[in-house]
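Q: Per the numbering used here, the sequence shown starts with residue 67, numbered consecutively. Just passing along the structure, written as structure tokens.
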Amino acid sequence: MKTQQTKFIILFTLLMSIGRIASAQESTAQQFKKLEWLIGKWQRTNPKAGQSGYENWEKVSGIKLIGKGITLEGKKTVFEEQLELSVQDNQIFYKVRLTGDSKLVAFKLTSISKDAFVCENPEHDFPKKIAYTRNGKNVKAVISGNGHSVDYEFSIFKEK
Numbered sequence: 067m068k069t070q071q072t073k074f075i076i077l078f079t080l081l082m083s084i085g086r087i088a089s090a091q092e093s094t095a096q097q098f099k100k101l102e103w104l105i106g107k108w109q110r111t112n113p114k115a116g117q118s119g120y121e122n123w124e125k126v127s128g129i130k131l132i133g134k135g136i137t138l139e140g141k142k143t144v145f146e147e148q149l150e151l152s153v154q155d156n157q158i159f160y161k162v163r164l165t166g167d168s169k170l171v172a173f174k175l176t177s178i179s180k181d182a183f184v185c186e187n188p189e190h191d192f193p194k195k196i197a198y199t200r201n202g203k204n205v206k207a208v209i210s211g212n213g214h215s216v217d218y219e220f221s222i223f224k225e226k
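Written out as structure tokens, the structure reads:
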């Protein structure tokens, strides 16, 4: 009788653990879905004089968006970065790689709502924090750290 009770307790504990893991994965997938408003081509509305800029985001899978940020002077590309939002180890990361640089920098999602998200990497020199906020067809991205911040403002150029 005691052996049956022990088996039941072990089985019950195992099933509860599996349920919690599945629930956590659903939660991450649900959080990731909140980022899909970013999909599309965004045109920068506050570039430096003589420049233009874009961010283009597309959905690769239910747990991965890829993007590209470009700054142009006339038709010449003066800055380019590869961007990625993805789920890894049941967490969401914003990853950045500058063109010509093999180093990928990952920022962990620390806050998310329907219209905003924040990703942070306190170990990185600059930025340490990347925050996006949507207001209708406009987006403001702020990169910050070490007492400095840079604002990037965009409006939707081409939707999904």
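In this text, a Cβ means the ideal position worked out from N, Cα and C, and glycines have one as well. Predicted, not measured: the structure shown is a model, and the values here were computed from it.
For Ser127, which three-state DSSP category applies?
A: strand
Q: For Glu121, count the other beta carbons within 10 Å of its own beta carbon; 16 or more makes it buried, fewer makes it exposed. Which is it?
A: buried
Q: Give the C-beta separation of Gly135 and Glu147 to the nearest angstrom, bearing in mind that I take them to be a contact with Cβ-Cβ under 8 Å.
A: 5 Å
Q: So for Ser215, helix, strand or coil by DSSP?
A: strand
Q: My assumption, with CB atoms under 8 Å, is that Gln97 sits in contact with Ile196. Please give the rounded CB distance.
A: Between Ile196 and Gln97 the Cβ distance is about 16 Å, and since that is not below 8 Å, they are no contact.
Q: Given this structure, state the Cα-to-Cα distance separating Lys141 from Lys194, to the nearest angstrom.
A: 31 Å
Q: My guess is that Ser215 and Val205 are in contact by the Cβ rule of under 8 Å, so how many angstroms apart are they, rounded?
A: With a Cβ gap of about 16 Å, Ser215 and Val205 do not count as contacting.
Q: DSSP puts Ile105 in a beta bridge; with which residues?
A: Residue pairing by DSSP places Ile105 in no beta bridge whatsoever.
Q: Helix or strand or just coil, what does DSSP make of Phe183?
A: Phe183 falls in the strand class under three-state DSSP.
Q: Give the straight-line distance between the Cα atoms of Ile132 and Asn212, rounded to the nearest whole angstrom.
A: About 27 Å.
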